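Participant: Numbering (the UniProt record's numbering), first residue to last: 1 to 760. Glycine is no exception: its CB is placed at the ideal position from the N, C-alpha and C atoms. Model, not experiment: these values are computed from the prediction.
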DNA sequence: GGGTGTCCGGGATTG
DNA sequence: CCGGACACCC
């Protein structure tokens with residue numbers, strides 16, 4: 001016990017040892033949040049306040065869940081397999097498998113990832129003769145997902161115009177089709193679990209009695225449905241609700257665009273009668289100048305719960321800022337600085353280059369490639385998303401649930417077996433006519449089409465038959481052979497990588513089986529009969545629990561298939577090598593590095609132009625900047641550029657407002673700092689940057705100046721709109737008009753002979 | 001069915 | 001400018 005709690009600072013200690021009531025922990029960046037969470041669990045168990053089975057710990061990412069498990073097993077000598085620690089989706093999957101009948105799902109229901117969901121919707125629109133110009137699949141998908149994220153079924157969504165009424169109708173059709181095929185999307189996992197627990201009182205009370213301590217990581221990222229889910233699970237408002245230990249940071253809320261609602265933090269305080277609010281403000285990550293920059297920047301936001309990070313580390317190096325003349329020059333500067341750091345002994349993997357949007361990585365990658373510096377780009381395609389893997393998975397899905405039409409369509413003619421569009425049309429007609437799945441409709445198709453289709457069905461049947469008693473990895477091997485996927489890629493020119501990936505899939509199955517405990521002599525639960533044994537009798541109030549171990553509630557194949565959907569796996573690009581780390585600011589959340597470059601700090605890019613209409617948008621961008629800054633331990637570099645190629649056009653942006661919100665005493669400008677206009681110094685960097693001029697000329701803009709005396713790229717000051725940049729000039733002489741980017745005020749078209757403009 | 005050409009649109013992302 | 005979606009051709 002002494003051991004468990006020593007080394008905690010007073011705030012952390014207070015949080016870990018809070019009484020069994022709901023509490024909100026405001027955990028600043030780098031304040032030891034995961035440590036507090038895991039130590040809290042260990043302390044609760046060690047002091048006998050709860051058994052491991054009474055703990056429910058929820059995270060958003062698999063990575064966070066794994067991290068928690070690892071650190072917990074280092075703290076406590078217990079088997080963590082029996083504990084309910086996982087993502088919202090993973091935990092819901094487990095509950096739905098165990099109680100599938102009550103939830104109205106087949107035991108082998110399958111999970112659509114977002115790609116599957118999109119093709120599912122396209123198919124739905126086509127089958128119902130909907131014009132996908134008027135109702136774009138992506139829009140419908142967003143509509144459905146946001147409704148589900150708010151806990152709403154189609155019948156509950158309010159629609160006030162024809163378009164929305166149609167969307168609601170399509171949402172309803174979508175759900176019905178999912179139900180027929182035995183598939184669920186990600187949001188459905190949560191909504192279905194929520195509905196299951198809402199209407200099934202014995203089940204609800206069983207889990208409420210079981211989970212006396214619920215811990216939630218990254219609470220600021222919860223959406224409305226997740227919050228309702230937690231309320232239900234905890235029995236909030238009841239006599240003896242569970243103690244919910246919510247850890248979050250409102251300043252790091254950067255996912256409003258996908259439904260996260262920071263308001264859940266104050267709702268939580270209110271609705272869970274939170275008496276204990278603890279702020280973790282001691283930062284163990286960043287040097288002083290970096291932390292001061294973050295603090296001063298975020299103070300510009302209005303809606304905050306209020307928090308100020310402090311550090312015992314000294315000031316450290318100042319934050320370095322560079323204005324480049326072009327995006328190419330910016331990239332080269334970054335590389336020079338990174339080389340210096342490496343020369344001084346930094347590991348490449350301890351240097352991160354961050355950007356607001358993926359498109360910005362190109363120029364940087366090009367420069368790194370030319371310089372021969374190894375780098376790794378985050379966020380690429382992941383293992384289970386690769387086409388060949390999805391094909392193999394589709395065969396396995398059909399064996400486990402033949403009514404999954406998505407899987408059927410993916411592989412019915414891949415590798416090619418002479419089942420073309422015409423045959424499929426007949427099959428789809430038959431399926432629609434009888435209201436059954438494609439697989440089930442095969443016997444209704446006659447002729448040549450019918451016999452090729454019947455051959456395909458026989459292929460799936462025999463794969464299932466031949467593998468029914470095989471361990472999972474061997475099952476995968478057999479499927480790869482029988483489906484002729486392997487031979488198909490052997491004859492393909494560039495199939496070598498794909499074959500390697502397919503072999504990796506067998507490894508993945510082997511690994512999965514050993515990690516999840518399927519390799520031991522688990523009771524064979526492949527048939528529906530044994531699963532039924534787990535279910536409560538209809539009139540019984542005894543609930544058989546969804547034990548935490550997977551083998552108790554699903555077959556190895558079903559489990560592996562949900563694993564493939566719920567954990568898409570790493571993107572394996574250049575993994576393992578000591579390489580510079582390139583990623584968006586969003587994907588940097590939760591990570592930390594010795595040195596961090598934040599690039600493209602320009603109005604329109606960061607803050608992004610789509611966010612600048614509303615104050616709340618800019619505040620989220622500012623939080624994003626806050627996240628970016630607080631990734632750095634020792635060194636922080638900020639850069640922006642006067643010109644930038646975007647969408648095939650040269651853009652001229654003003655420097656980001658965020659740069660002007662940072663504290664001067666923590667900064668070191670490596671390029672001359674041009675004061676904002678209201679400070680007096682009006683000299684433009686353009687006048688002192690011959691390189692920029694040369695660059696511009698090289699880009700074919702030879703006509704730098706015209707008779708009207710203005711040129712593209714000129715910084716100007718306008719009485720009403722303030723500081724701006726001339727982006728384009730049309731016409732000439734006295735009739736010339738200029739497109740001027742005024743940042744917050746947007747793009748204006750002004751007549752140069754009329755508008756009162758000063759050069760700055 | 002796969003390969004090539006044309007058109008369009010382009011913010012971030014986990015499960 | 002670049003990638004995805006789709007039409008068209010062999």
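Please work out which residues of its chain come closer than 8 Å, Cβ to Cβ, to residue 67, disregarding the five sequence neighbours upstream and downstream, and give them in chain order.
Facilitator: Stepping through the first chain from its first residue, residue 67 is reached at position 67. Hits under 8 Å: 34.
Participant: For residue 298, which three-state DSSP category applies?
Facilitator: Position 298 of the first chain, counted from the first residue, corresponds to residue 298. Reduced to three states, the DSSP call for residue 298 is helix.
Participant: Are the Cβ atoms of residue 44 and residue 50 separated by less than 9 Å?
Facilitator: Sequence index remark: in the first chain, residue 44 carries index 44 (1-based). Sequence index remark: in the first chain, residue 50 carries index 50 (1-based). Yes.
Participant: Helix, strand or coil: which one does DSSP assign to residue 751?
Facilitator: To locate residue 751, count along the first chain from 1; it is residue 751. Note: residue 751 maps to strand in three-state DSSP.
Participant: Find out if the Cβ-Cβ distance for the pair residue 674, residue 610 is shorter than 9 Å.
Facilitator: Translated into the one-based positions of the first chain, residue 674 becomes position 674. Translated into the one-based positions of the first chain, residue 610 becomes position 610. The answer is no: Cβ separation not under 9 Å.
Participant: What residue from 257, 159 and 252 has the CA that sits closest to residue 265's CA?
Facilitator: As a first step, residue 265 must be located in the first chain, where it is residue number 265. Among 257, 159 and 252, the Cα nearest to that of residue 265 is on 252.
Participant: Grouping DSSP H, G and I as helix and E and B as strand, with all else coil, what is residue 509?
Facilitator: Looking up residue 509 in the first chain gives position 509. In the structure shown, residue 509 sits in a helix (DSSP, three-state: H, G or I).
Participant: If you run the structure through DSSP and keep just helix, strand and coil, what is residue 633?
Facilitator: Residue mapping note: residue 633 aligns to position 633 of the first chain, counting from 1. Correct three-state label for residue 633: strand.
Participant: Within the chosen definition, does the segment 574-589 reach the segment 366-376 through at least 3 CB pairs nearer than 8 Å?
Facilitator: Touching, yes.
Participant: For the alpha helix (DSSP H) containing residue 342, name the first residue and the last one.
Facilitator: Indexing the first chain from 1 puts residue 342 at position 342. Looking at the DSSP string, the run of the alpha helix (DSSP H) that includes residue 342 is 327-343.
Participant: Would you tell me roughly how many angstroms separate the C-alpha atoms of residue 660 and residue 297, rounded to the nearest one?
Facilitator: Here residue 660 is taken as the residue at index 660 of the first chain, counted from 1. Here residue 297 is taken as the residue at index 297 of the first chain, counted from 1. About 9 Å.
Participant: Roughly how many angstroms lie between the CA atoms of residue 479 and residue 316, to the nearest whole one?
Facilitator: Stepping through the first chain from its first residue, residue 479 is reached at position 479. Stepping through the first chain from its first residue, residue 316 is reached at position 316. Roughly 58 Å between the two C-alpha positions.
Participant: What's the gap between the Cα of residue 364 and the Cα of residue 425?
Facilitator: By 1-based counting over the first chain, the position of residue 364 is 364. By 1-based counting over the first chain, the position of residue 425 is 425. Rounded to whole angstroms, residue 364 to residue 425 spans 48 Å at the Cα level.
Participant: Please identify the residue among 475, 487 and 491 whose C-alpha is closest to the C-alpha of residue 507.
Facilitator: Locating residue 507 in the first chain gives position 507, counting from the first residue. Per the Cα distances, 475.
Participant: From residue 11 to residue 283, what does the alpha carbon distance come to, in whole angstroms?
Facilitator: Along the first chain, read from residue 1 onward, the residue named residue 11 stands at position 11. Along the first chain, read from residue 1 onward, the residue named residue 283 stands at position 283. Distance between the alpha carbons of residue 11 and residue 283: 12 Å.
Participant: Note down, one range per segment and in chain order, each beta strand (DSSP E) of at least 3 residues found wholly within the segment 638-670.
Facilitator: As far as the segment 638-670 is concerned, its whole beta strand (DSSP E) runs of at least 3 residues are 649-652 and 667-669.
Participant: Classify residue 355: buried if its beta carbon has 16 or more other beta carbons within 10 angstroms, exposed otherwise.
Facilitator: Your numbering for residue 355 matches position 355 in the first chain. Residue 355 is buried by the Cβ-count criterion.
Participant: Restricting to Cα atoms, I'd like to know which of 446, 396, 197 and 500 is closest to residue 108.
Facilitator: Locating residue 108 in the first chain gives position 108, where the first residue counts as 1. The shortest Cα separation from residue 108 among 446, 396, 197 and 500 belongs to 396.
Participant: Using DSSP's beta-bridge definition, name the partner residues of residue 715.
Facilitator: For the purposes of this step, residue 715 is taken as residue 715 along the first chain, with counting starting at 1. Answer is 725.
Participant: I'd like to check one pair, residue 464 with residue 554: are the Cβ atoms closer than 9 Å?
Facilitator: Residue 554 sits at position 554 when you count from the first residue of the first chain. Residue 464 sits at position 464 when you count from the first residue of the first chain. Not a contact, by the Cβ cut-off of 9 Å.
Participant: Let's see if you can read the secondary structure: which residues bound the alpha helix (DSSP H) around residue 456?
Facilitator: In the first chain, residue 456 corresponds to position 456, counting from 1. That run of the alpha helix (DSSP H) goes 447-467.
Participant: Taking DSSP as the reference, what is the three-state secondary structure of residue 791?
Facilitator: What is shown of the chain runs 1 to 760, which leaves residue 791 out entirely.
Participant: If you draw a straight line from the C-alpha of residue 402 to the C-alpha of residue 105, how long is it?
Facilitator: Your numbering for residue 402 matches position 402 in the first chain. Your numbering for residue 105 matches position 105 in the first chain. Their Cα atoms are separated by approximately 15 Å.
Participant: Can you grab the Cα-Cα spacing for the pair residue 267 / residue 644, in whole Å?
Facilitator: Along the first chain, one-based indexing puts residue 267 at 267. Along the first chain, one-based indexing puts residue 644 at 644. Between residue 267 and residue 644, the C-alpha separation is close to 43 Å.
Participant: Assign residue 39 to buried or exposed, taking buried as 16 or more other Cβ atoms, counted over all protein chains shown, within 10 Å of its Cβ.
Facilitator: The residue labelled residue 39 in the question sits at position 39 within the first chain. Buried, by the Cβ-count rule.
Participant: Looking only at its chain, what residues have a beta carbon closer than 8 Å to the beta carbon of residue 237, apart from the 5 residues adjacent to it on each side?
Facilitator: Here the question's residue 237 lines up with position 237 in the first chain. Hits under 8 Å: 231 and 271.
Participant: Based on DSSP bridge pairs, tell me the residues matched to residue 758.
Facilitator: For this step, residue 758 is matched to residue 758 along the first chain. According to DSSP, which records beta bridges pairwise, residue 758 is partnered with 717.
Participant: Starting from residue 594, trace the beta strand (DSSP E) both ways and give me its first and last residue.
Facilitator: By one-based count along the first chain, residue 594 stands at place 594. Run containing residue 594: 593-598, per the beta strand (DSSP E) assignment.
Participant: Say whether the segment 85-97 touches the segment 160-172, bearing in mind that this needs 3 or more beta-carbon pairs closer than 8 Å, one atom from each stretch.
Facilitator: Counting Cβ pairs under 8 Å, fewer than three are found: no touch.
Participant: Within this structure, are the beta carbons of residue 243 and residue 216 separated by less than 9 Å?
Facilitator: Within the first chain, residue 243 is the residue found at index 243, counting from 1. Within the first chain, residue 216 is the residue found at index 216, counting from 1. Result no, Cβ atoms of residue 243 and residue 216 do not sit closer than 9 Å.
Participant: Cutting at 7 Å between CB atoms, please list the residues of its own chain near residue 288, excluding the five before and the five after it.
Facilitator: Position 288 of the first chain, counted from the first residue, corresponds to residue 288. Excluding residues within five positions, the ones whose Cβ falls inside 7 Å are 311, 313, 314, 315 and 316.
Participant: Count the other C-beta atoms from every protein chain shown that fall within 10 angstroms of the C-beta of residue 25, then say buried if there are 16 or more, exposed otherwise.
Facilitator: Sequence index remark: in the first chain, residue 25 carries index 25 (1-based). Buried: at least 16 other Cβ atoms inside 10 Å.
Participant: On the three-pair Cβ rule with 8 Å, is the segment 196-203 touching the segment 445-460?
Facilitator: Short answer: they don't touch.
Participant: Thinking C-alpha only, which one of 619, 65 and 81 is nearest residue 515?
Facilitator: Counting from one through the first chain, the residue named residue 515 turns up at place 515. Comparing Cα-Cα distances from residue 515 to each of 619, 65 and 81, the minimum goes to 81.
Participant: If I'm right that residue 384 touches residue 564 with Cβ under 8 Å, what's the distance once you round it to whole angstroms?
Facilitator: Taking the first chain and counting its residues from 1, the one referred to as residue 384 is at position 384. Taking the first chain and counting its residues from 1, the one referred to as residue 564 is at position 564. That pair is a contact at about 5 Å.
Participant: On the premise that residue 323 lies in contact with residue 655, defined as a C-beta separation below 8 Å, what is that separation, rounded to the nearest angstrom?
Facilitator: Numbered from its first residue, the first chain carries residue 655 at position 655. Numbered from its first residue, the first chain carries residue 323 at position 323. With 8 Å as the limit, residue 655 and residue 323 qualify as a contact, their Cβ atoms being about 7 Å apart.
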